[in-house]
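Enquirer: Read in order, the letters of the sequence shown are residues 0 to 471 in numbering that gives the first Met the number 0.
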Amino acid sequence: MGGDEKTTSVWIVDDDETIRFVLERALGRDGYATRSFGSVAEIERALLTDAPAAILTDIRLPDADGLSMVEILEHAGLAVPVIAMTAFSDLDQAVSAFQKGVFDYLPKPFDLDQVLSVIQRAAAPQEPAVVVPSSASEPQRKTRLLGESPAMQEVFRTIGRLSRSDISVLITGETGSGKEVVSRMLHQHSPRANFPFVALNTAAVPSELLESELFGHEKGSFTGAYARRVGRFEEAAGGTLFLDEIGDMPLALQTRLLRVLAEGDFHRIGGRDLLTADVRVIAATHQDLNDKVSSGEFREDLYHRLNVIHIDLPSLRQRVEDIALLANEFLIQVASELGLEVKRLRPETIDLLERYRWPGNVRQLQNLCRQLCVMAPAEQIFPEDLPPEIIQATQNSTNGNGWSDHLRSWAQNKIHAGDTEIIVEAQTEMERVLIGCALDRTGGQRRKAAEILGLGRNTLTRKIKQIAEQQS
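1) Report yes if the C-beta distance between residue 9 and residue 52 is below 8 Å; otherwise report no.
2) Starting from residue 55, follow the beta strand (DSSP E) in both directions and report where the run begins and ends.
3) Going straight from the alpha carbon of residue 362 to that of residue 434, what length do you get?
4) With residue 124 as the anchor, note down where its beta strand (DSSP E) starts and where it stops.
5) Is there contact between the region 342-351 and the region 305-313, where contact requires at least three CB pairs shorter than 8 Å?
6) Answer yes or no: does any C-beta atom of chain C fall closer than 8 Å to that of residue 339?
7) At what residues does the beta strand (DSSP E) containing residue 200 begin and finish?
8) Assuming residue 83 and residue 104 are in contact, meaning their beta carbons sit under 8 Å apart, how far apart are those beta carbons, in whole angstroms?
9) With 16 as the cutoff for other CB atoms within 10 Å, does residue 241 come out buried or exposed?
10) Taking C-alpha atoms, which residue in 430, 438, 452, 436 lies nearest to residue 465?
11) Start and end of the alpha helix (DSSP H) containing residue 186?
12) Enumerate in chain order the residues of its own chain whose CB-to-CB distance from residue 462 is below 7 Å, with the five nearest sequence positions on each side excluded.
13) Taking the beta carbon of residue 386 as the centre, do at least 16 other beta carbons fall within 10 Å, making it buried, or is it exposed?
14) Within this structure, are the beta carbons of residue 322 and residue 348 separated by less than 8 Å?
15) Whose CA, out of 313, 7, 252, 92, lies closest to the CA of residue 79?
16) Below 6 Å CB to CB, which residues in the same chain sit around residue 72 once its five sequence neighbours on both sides are set aside?
17) Whose CA, out of 273, 237, 301, 274, lies closest to the CA of residue 251?
18) Write down the C-beta distance between residue 217 and residue 269 rounded to the nearest angstrom, noting that I regard them as a contact closer than 8 Å.
19) Quick one: what does DSSP say residue 377 is sitting in, helix, strand or coil?
20) To the nearest angstrom, how far is the alpha carbon of residue 467 from that of residue 420?
21) Where in the region 294-378 do unbroken runs of the beta strand (DSSP E), each at least 3 residues long, occur, reported from the N-terminal end onward?
22) Got a sec? Which residues, its chain only, sit under 6 Å from residue 411 by beta carbon, not counting five neighbours each side?
23) Output the distance between the C-alpha atoms of residue 11 and residue 25, rounded to the nearest integer angstrom.
24) For residue 216, which residues does DSSP report across the bridge?
25) Find out if the Cβ-Cβ distance for the pair residue 167, residue 304 is shorter than 8 Å.
26) Note down the Cα distance separating residue 243 from residue 203, rounded to an integer number of angstroms.
See the structure below:
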């Protein structure tokens, strides 16, 4: 802690003098000012003239339930977070504590590091809560494609170039990278925008039903066809048909799809009427269709028919600079859906998220933000609020080769942006960081810093001079 935080006041309410003593020492070492009380009545009197940044209270107190502290504070008009402690924890009590409005709930015996972490979050300066009206009373937020990274800027440019065309597009990218969102943007910014957008995940439909799903069927055309069914091609008439996971489409159906795309018409299953396929087809896959063509699993002629324009979406780890932007947008969206206050990511939390690999890409980040909006106790989201698997993974990447992943992402973005001489820029920055860390470690002693870096002292002095000249 630093600055004004050193004087942050935390009140401790417990009838066990030993517990109070331990908590006073731990909080005092961490820079907090503490006051201790043995009962609810004592703290009620103290609140008449003063108020802390947070209250740490036992639930079982001699004169009242410690959870009554929440109601007392509310009646006094004080927005002071309450952290409840108890040695008699069960599910009902934990649920009751949160329903009454406690900031967090700690079963005894507790870990002091855990207590300090919770206090840090509870006592952090809070901005006025912003509650976004529920989406039930407001129109749904329009789907947006966000990104400031060079890779996403190139995607935006491609969508812009295609805005006056309804040409076929193939979108590739890892699962969860946002392929359907891009397809919707292509539709919204096209001459067909006023007509339907229809999406179908071809991998989610059993192969024996997929033909009917696409083209429809007539009553009695097969067992179970009790009525006529309109297929997705008819539903999307005049608009866009998005075929997700096209790489999983059976070969027999690939042949029929190719014929429809080539000739522009089709029949329902069991039907005689020739119907016009007036749709723009956008296909997507996370698979390498070239490999599937080579192995005979995907028709080459269909591949070329779909792949007129190709958009390759970057993974989230390839657009690290977009993570904070996306996360903040998702937090606003979830708050809007649920009618909750909008929560903010602390800088140290953003740093941790930017070091994570994101195997589930943007979809995984969106799900995380939904979880944090509901589960994080404070208006600010601390690293401790993140799931253990993310914290563990980022620790492993820091201890392993995580820095090379950042370097790879940095290089890819630089190349996308058209930058040149990037190896010179990377080498200069690497030397600046390494020399700075070594000098910090040795308190500015160049001889010891040179030993750490494996350089001669004169070489280190020369490099320090070069860095100083570049910065001046």
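In this text, a Cβ means the ideal position worked out from N, Cα and C, and glycines have one as well.
Expert: On the basis of the supplied data:
1) Against a cut-off of 8 Å, the Cβ pair of residue 52 and residue 9 comes out as a contact.
2) First-last of the beta strand (DSSP E) with residue 55: 53-57.
3) Rounded to whole angstroms, the separation of the alpha carbons of residue 434 and residue 362 is 39 Å.
4) Here residue 124 belongs to no beta strand (DSSP E), and DSSP marks it neither H nor E.
5) Note that the region 342-351 does not touch the region 305-313; fewer than 3 beta-carbon pairs, one per stretch, sit closer than 8 Å.
6) Absence of chain C from the displayed structure is noted, only one protein chain being present.
7) Where residue 200 is concerned, the enclosing beta strand (DSSP E) starts and stops at 196-200.
8) Sure, about 5 Å apart at Cβ, within 8 Å.
9) With 16 or more other Cβ atoms within 10 Å, it is buried.
10) Nearest of 430, 438, 452, 436 to residue 465, Cα basis: 430.
11) Per DSSP, residue 186 belongs to the alpha helix (DSSP H) from 178-187.
12) Around residue 462: 430, 434.
13) With fewer than 16 Cβ atoms within 10 Å of its Cβ, residue 386 is classed as exposed.
14) In this structure, residue 322 lies away from residue 348, with their beta-carbon atoms at least 8 Å apart.
15) Cα-wise, what sits closest to residue 79 is 7.
16) Here the set comprises 79.
17) Considering only 273, 237, 301, 274, the residue with the shortest C-alpha distance to residue 251 is 301.
18) Distance from residue 217 to residue 269 at the Cβ level is roughly 4 Å; contact confirmed, criterion being Cβ atoms closer than 8 Å.
19) Coil.
20) Rounded to whole angstroms, the gap between the alpha carbons of residue 467 and residue 420 is 21 Å.
21) List check, beta strand (DSSP E) in window: 308-311.
22) If the five residues before and after residue 411 are omitted, its C-beta is found closer than 6 Å to the C-beta atoms of 317, all from its own chain and listed in chain order.
23) Computed Cα separation, rounded: 12 Å.
24) DSSP lists 228, 268 as partners of residue 216.
25) The Cβ atoms of residue 167 and residue 304 sit closer than 8 Å to each other.
26) Distance from the CA atom of residue 243 to the CA atom of residue 203, rounded to whole angstroms, is 9 Å.
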